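Numbered per the working numbering, the sequence shown spans residues 410 to 700.
Cβ coordinates follow ideal geometry from the N, Cα and C atoms, glycine included.
A quick note: this is a predicted structure, and the numbers were derived from the prediction, not measured.
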Amino acid sequence: MLKKPYPRSDDFRRSLVAGLLVAVFVALFLLIFQPFGMSSIPAPSKYWQIGCYGLVTLAGLAVGEWIPRLIWKNYFSESRWTVGKQILWMMIVILLIALGNMYYTYLLGYTQLSLQNTMFFTGFTIAVGFFPITASILLNYSRLARTNSSVAQVINSDLAEADKRESAEAAGDEIHKWTFKGENANEEFSTDEKQLLYIESADNYSMFHWLENGTVRKKLLRGSLKSMEDQVSAAELFRCHRTFIVNLKKVVSVSGNSQGYRLKIAGTDAEVPVARNSGKMLHEKLKSLKR
Numbered sequence: 410m411l412k413k414p415y416p417r418s419d420d421f422r423r424s425l426v427a428g429l430l431v432a433v434f435v436a437l438f439l440l441i442f443q444p445f446g447m448s449s450i451p452a453p454s455k456y457w458q459i460g461c462y463g464l465v466t467l468a469g470l471a472v473g474e475w476i477p478r479l480i481w482k483n484y485f486s487e488s489r490w491t492v493g494k495q496i497l498w499m500m501i502v503i504l505l506i507a508l509g510n511m512y513y514t515y516l517l518g519y520t521q522l523s524l525q526n527t528m529f530f531t532g533f534t535i536a537v538g539f540f541p542i543t544a545s546i547l548l549n550y551s552r553l554a555r556t557n558s559s560v561a562q563v564i565n566s567d568l569a570e571a572d573k574r575e576s577a578e579a580a581g582d583e584i585h586k587w588t589f590k591g592e593n594a595n596e597e598f599s600t601d602e603k604q605l606l607y608i609e610s611a612d613n614y615s616m617f618h619w620l621e622n623g624t625v626r627k628k629l630l631r632g633s634l635k636s637m638e639d640q641v642s643a644a645e646l647f648r649c650h651r652t653f654i655v656n657l658k659k660v661v662s663v664s665g666n667s668q669g670y671r672l673k674i675a676g677t678d679a680e681v682p683v684a685r686n687s688g689k690m691l692h693e694k695l696k697s698l699k700r
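Here you go:
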């Protein structure tokens with residue numbers, strides 16, 4: 410279970426907004442309930458002290474969550490993220506916040522900075538936080554995996570029925586041809602719906618994967634994936650992920666797990682990921698294209 414894939418958003422802006430909301434929630438919680446004798450602190454110093462606890466929470470998220478993601482991008486990539494990593498890292502972040510709050514409380518003069526107090530804060534945080542964090546992550550994993558697997562089965566059923574109809578009707582169909590131009594002089598690539606499998610982002614380049622005589626070929630053009638997407642308007646081509654454009658005619662099956670959906674492409678072992686917010690659109694496009 411700890412090695413099972415777990416969703417992790419690469420959207421730093423969304424993560425930042427979520428962190429700000431958590432910090433505001435902490436400050437509001439302390440302001441409303443005023444635990445640990447906070448009600449006895451005279452105003453107005455009480456309000457800025459409570460507000461700073463929210464800032465300490467934000468700093469803990471920055472040190473434990475945002476900064477490591479910027480430094481070790483590969484380690485935190487969703488393709489490598491698992492249930493076990495999520496549990497471990499959430500505990501690390503919670504622990505950093507707890508230690509930050511302890512040190513801030515010491516600066517305010519309400520506690521002593523000692524090894525005994527540090528061990529108490531650490532032990533108390535782990536004891537209180539481990540089980541609810543683990544339970545929430547496992548429940549979320551189970552819910553997402555079950556939901557996405559069920560939807561993938563429905564999509565695969567639709568694909569199977571559509572393939573039966575296509576096998577009888579495909580003989581006279583017109584083949585759509587596409588030409589993509591790179592940013593370098595006289596650089597272009599021509600293909601069609603029978604050959605192109607998918608296009609993958611490669612920094613400032615786009616990698617084309619196509620099938621030729623049963624063999625997968627690759628060609629690199631200088632230009633972003635967005636520029637390639639804008640050059641050709643075709644119902645068969647779908648931007649399923651920020652780093653992939655897939656030829657829907659070459660999708661043979663869909664699998665689902667807690668991270669979302671993955672597309673099995675004809676003639677290759679490659680599996681193309683689908684962004685979590687694109688799952689519904691994928692289903693609709695496959696149904697309309699293969700109707």
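- Note: D601 is bridge-paired with K586 in the DSSP secondary-structure output.
- By DSSP's assignment, I674 forms a beta bridge with V660.
- Rounded to whole angstroms, the separation of the alpha carbons of R552 and E602 is 36 Å.
- G623 sits exposed, since fewer than 16 C-beta atoms from the chains shown fall within 10 Å of its C-beta.
- Taken through DSSP and simplified to helix, strand or coil, G669 comes out as strand.
- By the Cβ criterion, the region 654–666 is not in contact with the region 509–528, since fewer than three pairs of Cβ atoms, one from each stretch, lie closer than 8 Å.
- Counted as a single uninterrupted DSSP element, the alpha helix (DSSP H) harbouring M511 occupies residues 492–516.
- Look at I450 here: in three-state DSSP terms it is coil, with no helix or strand label.
- At the C-beta level, L606 and W587 stay beyond 8 Å of one another.
- Residue pairing by DSSP places K694 in no beta bridge whatsoever.
- Here G518 is exposed. Its C-beta has fewer than 16 other C-beta atoms within 10 Å.
- Beyond the five residues adjoining it in sequence on each side, M499 comes within less than 6 Å, by CB distance, of I542 in the same chain, given in chain order.
- Here the C-alpha atom of D612 lies approximately 55 Å from the C-alpha atom of S448.
- About 5 Å separates the beta carbon of I506 from that of T466, a gap short enough to meet the 8 Å contact definition.
- Non-local C-beta neighbours of E621 in its own chain, meaning closer than 7 Å and more than five positions away in sequence, comprise Q604, ordered along the chain.
- Where E638 is concerned, the enclosing alpha helix (DSSP H) starts and stops at 634–640.
- Under a 10 Å Cβ-count criterion, Q562 is classified as exposed, with fewer than 16 other Cβ atoms of the shown protein chains found around its own Cβ.
- According to the DSSP assignment, F421 belongs to the alpha helix (DSSP H) that extends over 421–442.
- For the options K455, T534, L568, the alpha carbon positioned closest to that of S697 is the one of L568.
- Residue pairing from DSSP places V655 in a beta bridge opposite Y607, F647.
- Going by DSSP, P682 is part of the beta strand (DSSP E) stretching over 680–683.
- Put simply, the region 680–693 touches the region 642–651. At least three CB pairs are less than 8 Å apart.
- One thing to note: A427 has its Cβ no nearer than 8 Å to the Cβ of Y462.
- The straight-line gap separating the alpha-carbon atoms of F434 and G469 is approximately 15 Å.
- Between the region 487–502 and the region 412–420, the count of C-beta pairs closer than 8 Å reaches three or more; the two stretches touch.
- Rounded to whole angstroms, the separation of the alpha carbons of F485 and Y550 is 17 Å.
- Taken through DSSP and simplified to helix, strand or coil, Y614 comes out as strand.
- The bridge partners DSSP lists for E621 are T624.
- For P477, the enclosing alpha helix (DSSP H) begins and ends at 476–480.
- Put simply, of R631, G509, M616, E570 the residue whose alpha carbon is nearest the alpha carbon of A594 is R631.
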